[in-house]
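In what follows, a structure is listed as structure tokens, so that the remarks can point back to it.
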Amino acid sequence: MCTKNNQIVIIIALSFVLSVVSVKSYSQQFSRQQFYKAMAGKNADEIDAQLAALKQSSITGKEAFEGALLMKKADIAGSKKEKLNLFKSGKAKLEAVIAKDTSNAEYRFLRLQIQEHAPKVVKYSDKLKSDKMFISKEYKNLLPEIQQAIFDYSKQSKILLPADI
């Protein structure tokens, strides 16, 4: 039989456990704002945090986001072998998603971001012009947070300019 004090202790313990689980879930929740912040920076910890959030996420096309992050991470990786492995893995994921959904402007924006900054040696720039045109055409149909990410990117891009959107 539980005493009143034991019941209170059990309730407090359960509340604590639930709050910890809640905080953990929240911290690993995918956020486009945080994703695009990681894509704009050069911080491996931010990229890893977004990759972890994506693993827990059920967002449609998450492989496209993972692919873009892996290719971004390749840019700041240590060894040439690690850079190449990350880039190849990321490219395969992103391109597979785009092949399944060629009309998704956000995925095409992810590819444009990577292609614009990819080293020439990887020969990954063949879709820059077509992606730019597609993004420009579809910009007004995108979610506001994606529009903001594209607009912010266009301020520093040499390919996709603010006037294009």
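The sequence shown begins at 1 in our numbering and counts up by one.
Backbone N, C-alpha and C fix where the C-beta goes; we use that ideal spot for every residue, glycine too.
- Under the Cβ criterion (8 Å, minimum of three pairs), the region 75-84 does not count as touching the region 97-104.
- Under the 10 Å beta carbon count, Lys132 is surrounded by 16 or more other beta carbons and is classified as buried.
- The C-alpha of Ser136 is placed about 28 Å away from the C-alpha of Leu51.
- Contact check for Glu66 against Ala96 fails: the beta carbons are separated by 8 Å or more.
- Every alpha helix (DSSP H) of 4 residues or more that sits fully in the region 44-112 is shown, in chain order, as 44-56, 62-76 and 80-100.
- For Val121, same chain residues with a beta-carbon under 6 Å away, outside a window of 5 residues either side, do not exist.
- Between Gln113 and Tyr153 a beta carbon distance of about 6 Å is seen, short of the 8 Å cut, so the two are scored as contacting.
- Per DSSP, the continuous alpha helix (DSSP H) segment holding Phe35 begins and ends at Arg32 to Ala40.
- The beta-carbon separation of Ile150 and Phe109, rounded to 6 Å, stays under the 8 Å limit for a contact.
- Put simply, the backbone Cα of Ala49 is about 21 Å away from that of Leu84.
- Only residues of its own chain outside the window of five on either side were considered, and among them Glu145 have a CB closer than 6 Å to the CB of Arg32, listed in chain order.
- In the structure shown, Leu128 adopts helical secondary structure according to DSSP, grouped into three states.
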